[in-house]
Each structure stands twice: as structure tokens, then as C-alpha cells.
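Residue numbers (my numbering): 1 to 306.
So the structure is just underneath, and the comments pick up after that.
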């Protein structure tokens, strides 16, 4: 028995003053209306309507019942509208998993503003360079690069972050400045080792001719991107850094961009995705985080619609 359906039939009948009118309002047959009212009366153990061959009116019990259930229908309609429109104040824990570098340099500076806007939101930031498992680790949302995407995740494009090839001015004075991707093979490459599987990340470049991978002469390998930046700043060789790591070093002159003026090739950008276990998990808490990140990330990182 669907009690809400029976109550809805009862209230429409009371409002219409007839079974035929209720049937038209509900889009069902008059027979179905009569059956629903009979089922509700049997469930309650009272007579809700006074019936005659020509009229239908509420009984004393029916009038009392109507006064009690009308607000329930209104509240249910309001709840449905709020959920459908996403107009819900986000409350409760929001557990976010992402890489250490992105969390440290990008996400952490952005989250306090979100917390101030929604003080009932309990933010938990979990940083790891391995791919977190949502269910096993109770993570609500993770922010991942394309290489970390797992089957079954719902992934929304979040950002396309530029990479920068760079080295210390002292290294470039000593070893020379490469003027084409092919010349990278003549330099010491400071590589990032992917903690998830231990492999050094290759340096991809994209241009009108497609995608190529630079030939590299590994100098040092490190599994922490900030340490890699320091190795480069100390003159260890050429490295590739995400823009959010490289920019402070470039501003203060500790690192210098290389190949930045080559019109034919540019470093392949890093695709970032906003990941959920299920589309139905896109609740108010998740929605406000996604919108906050979209609004706060640099315009140059935005992913074109579609």
C-alpha cells in the first residue's frame, strides 16, 4: 500500500468535491479514485466521506484528517522542489582526497573561503599521491589527474593546468639553454616519480603535429614535487613543474622557463578531474565545492564547455 498516494487521492477528492473531479486532477480513472479512498478508510478504520447518489462531503473524521494531512503534502512538495533545485544549505562532513601538491598549493588556500560561506560544512582534506578508493576510505570526492582515473568513477573535467619546463639560471649558464624539444636530451632531467606505481613521468609535448615525448637523460628522480622544484632551483638540471608550483620560483628568479617561446610545441597540460562514486552523490555539499573551485581557479586553467 502506497499511503502517500492514498492521501493524495483523498486530498484531491476533498478539494474537487467529487470523485470525477479528483480523477481529472490526478489523471487516473474514477474507479481508481474510489478504490484508493476505500483503501485509506480501511487503513484508518473510519469513514472519510459522506456519500450519496448525488453528493460527496467530508465526514467529521474526514475533515479532521484533511486538516492534519494537508501540511504534510505541502512539506513533501517543498522538500522535492528543494532537492530538485539544489537549494539546500550544505551541512555535515565533506571528505576530499587529492594529490599533495595540488592540495597544498591550490586547494588548501581556497577552502577557508568555502568554510566561511557555509559554516555548517565540515571539511576534511586528505592528501596522498596514490589513487584513493572512495568506498574503502570514506572519501566523498577526489580530484585526480587523468592517469589516476578508475573504472566506475564519475569524472567531471575540472581544470587543464599548464606545465612549465624550467631550470635555475646558474644551470643554464653552465649547460646552455635548449631551444627545441630535441635538445632536452642533452640536459640532466629532474623527473617526478609517480608514487602509485613507481614510474617516472614522461615529458609530453603537444603541437600542430600531434603529441611527442621528449627524450630525456635522467639526472635525479624524486617523488615529491616541491623537493623537485628545490632540486632544480639549486642547479640540479631541467625539470617540468605544474604552473602552481613553478610560478613563485619564476617570479623571484630562482627558476627560468625554457622552451616557453617555441611556437611549435608546448608542454602537454595536466588534466584534472572532479571524481565521485555515483552521479547521485552530487549533493549540495559536493555541488558547492565544485562550483567554488570552478569560480576560484585561474581563468587560464578553465576547461572549455563541451
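Note that the Cβ used here is the ideal one computed from N, Cα and C, for glycine as well.
Values in this document were obtained by computation on a predicted structure and should not be read as measured data.
Report the option in the options whose CA atom is closest to the CA atom of residue i.
i, options, result
"residue 158", "303, 193 and 8", "303"
"residue 114", "298, 294 and 301", "294"
"residue 341", "100, 94, 142 and 8", "The structure shown does not extend to residue 341, since the chain is modelled only from 1 to 306, so the question has no answer here."
"residue 224", "139, 60 and 99", "99"
"residue 275", "73, 12 and 95", "95"
"residue 42", "74, 3, 156 and 281", "3"
"residue 44", "7, 271 and 76", "7"
"residue 105", "89, 121, 197 and 226", "226"
"residue 244", "261, 138, 270 and 220", "270"
"residue 200", "49, 219, 73 and 69", "219"
"residue 34", "46, 188, 117 and 10", "10"
"residue 212", "292, 281, 184 and 192", "184"
"residue 62", "25, 50 and 101", "50"
Is it right to say residue i is buried, meaning 16 or more other beta carbons lie within 10 angstroms of its own, or is it exposed?
i, result
"residue 64", "exposed"
"residue 179", "exposed"
"residue 119", "exposed"
"residue 71", "exposed"
"residue 36", "buried"
"residue 31", "exposed"
"residue 279", "exposed"
"residue 13", "buried"
"residue 144", "buried"
Could you name the residues that DSSP lists as bridge partners for residue i?
i, result
"residue 212", "205"
"residue 94", "123"
"residue 220", "190"
"residue 155", "275"
"residue 257", "166"
"residue 142", "97 and 275"
"residue 51", "56"
"residue 161", "270"
Can you tell me which of the three DSSP states residue i falls into?
i, result
"residue 268", "coil"
"residue 36", "helix"
"residue 239", "strand"
"residue 8", "helix"
"residue 178", "coil"
"residue 195", "coil"
"residue 200", "strand"
"residue 281", "helix"
- Item | Three CB pairs or more closer than 8 Å across the region 217 to 237 and the region 152 to 172 | Touching, yes, given that three or more Cβ pairs across the two stretches are closer than 8 Å.
- Query: Between the region 124 to 139 and the region 200 to 210, do at least 3 Cβ pairs fall closer than 8 Å?
  - Reply: no
- Three or more C-beta pairs closer than 8 Å, one from the region 180 to 190 and one from the region 259 to 278: is that the case here? yes
- Query: Do the region 282 to 289 and the region 245 to 254 make contact, defined as three or more Cβ pairs closer than 8 Å?
  - Reply: The region 282 to 289 is not in contact with the region 245 to 254.
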